[in-house]
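What follows is a single structure, written as structure tokens, with notes after it.
In this note's numbering, the protein residues as written are 6 to 107.
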């Protein structure tokens, strides 16, 4: 049966970290799994500081400061590339076009 995997994270806000090979979270997951999906994508998520509890907000701000990201805790930033999401959805839809072996 065809399958697809995607990872949504803030590391992927950087374009060079948007592949399963260059994104540490996706790479570690796939390396430690026996699952071999037919398609993979790494998608940037959203940073929604005002919605986080104070401790989470503080820790995320620290991580973002160390990695050159947004540190204004009043902001909500959507890093998601919606065109990438739509393209990946089309790829998933086409997985069922392939004949399967019985």
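Every residue, glycine too, gets a C-beta built ideally from N, C-alpha and C.
Within its chain, find whatever has a CB closer than 8 Å to the CB of residue i; leave out the 5 residues flanking it on each side and keep chain order.
{"i": "residue 21", "result": "27"}
{"i": "residue 40", "result": "8, 10"}
Counting C-beta neighbours from all protein chains within 10 Å, is the total for residue i 16 or more, i.e. buried, or is it exposed?
{"i": "residue 12", "result": "buried"}
{"i": "residue 69", "result": "buried"}
{"i": "residue 16", "result": "buried"}
{"i": "residue 18", "result": "buried"}
{"i": "residue 46", "result": "buried"}
With a threshold of 7 Å on Cβ separation, who are the neighbours of residue i within its own chain once the five nearest residues in sequence on each side are excluded?
{"i": "residue 32", "result": "25, 26"}
{"i": "residue 85", "result": "48, 49, 50, 51"}
{"i": "residue 100", "result": "7, 9, 43, 44"}
What are the residues that DSSP puts in a beta bridge with residue i?
{"i": "residue 11", "result": "46"}
{"i": "residue 52", "result": "82"}
At which residues does the beta strand (DSSP E) containing residue i begin and terminate?
{"i": "residue 91", "result": "Segment 87–100 is the alpha helix (DSSP H) holding residue 91; no beta strand (DSSP E) there."}
Taking 6 Å as the limit between beta carbons, can you name the residues of its chain near residue i, skipping five residues before and five after?
{"i": "residue 42", "result": "8, 9, 10"}
{"i": "residue 83", "result": "51"}
Determine whether the beta carbon atoms of residue i and residue j lie at a separation below 8 Å.
{"i": "residue 44", "j": "residue 88", "result": "no"}
{"i": "residue 57", "j": "residue 79", "result": "no"}
The alpha helix (DSSP H) with residue i in it runs from where to where?
{"i": "residue 29", "result": "29–36"}
{"i": "residue 59", "result": "59–71"}
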